[in-house]
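Colleague: Residue numbers (our numbering): 1 to 100.
Right, here's the structure in full:
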């Protein structure tokens, strides 16, 4: 194979893409569950005022990080799928992402 040739194990890249999609979906569900937990904590005085405040701060710090990671996984899924399509279609501009 020459230095300018690009090769991709399409099935392996597709598997990676699928994994990123699944991770992104799970993280979106976690984010949604945290939102639900926040509403429950805010609507009920189950934990007490100090526990409620601590839990609320914890969830508020965690939620954006999980959302950002979910978005990144979904973006990676889309990028990998785009690279597969570009590779299959022989599009040099898309395949150049993997060139040295």
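All C-beta atoms, glycine included, are put in the ideal place defined by N, C-alpha and C.
As the structure is a computational prediction, the values presented were derived from the model and not from experiment.
Taking residue 28 as the reference, which of 75, 69, 77, 89 has the closest Cα?
Modeller: Working through the chain shown from its first residue, we reach residue 28 at position 28. The residue with the shortest Cα to Cα distance from residue 28 is 69.
Colleague: Tell me the residue span of the alpha helix (DSSP H) that contains residue 35.
Modeller: Looking up residue 35 in the chain shown gives position 35. Segment 10-43, the alpha helix (DSSP H) holding residue 35.
Colleague: Please classify residue 66 as buried or exposed, where buried requires at least 16 neighbouring CB atoms within 10 angstroms.
Modeller: Within the chain shown, residue 66 is the residue found at index 66, counting from 1. It counts as buried.
Colleague: Taking the runs of the beta strand (DSSP E) that are 3 residues or longer, which of them lie wholly in the region 47-78?
Modeller: Segments of the beta strand (DSSP E) lying fully in the region 47-78: there are none.
Colleague: Work out the CA separation of residue 42 and residue 22 for me, nearest whole Å.
Modeller: Indexing the chain shown from 1 puts residue 22 at position 22. Indexing the chain shown from 1 puts residue 42 at position 42. Between residue 22 and residue 42, the C-alpha separation is close to 30 angstroms.
Colleague: Between 35, 6, 15, which has its C-alpha nearest residue 110's C-alpha?
Modeller: Residue 110 cannot be examined here, being either before or after the span of the chain that is shown, 1 to 100.
Colleague: For residue 6, which of helix, strand or coil comes out of DSSP?
Modeller: The count along the chain shown starts at 1 and reaches residue 6 at position 6. It is coil, neither helix nor strand.
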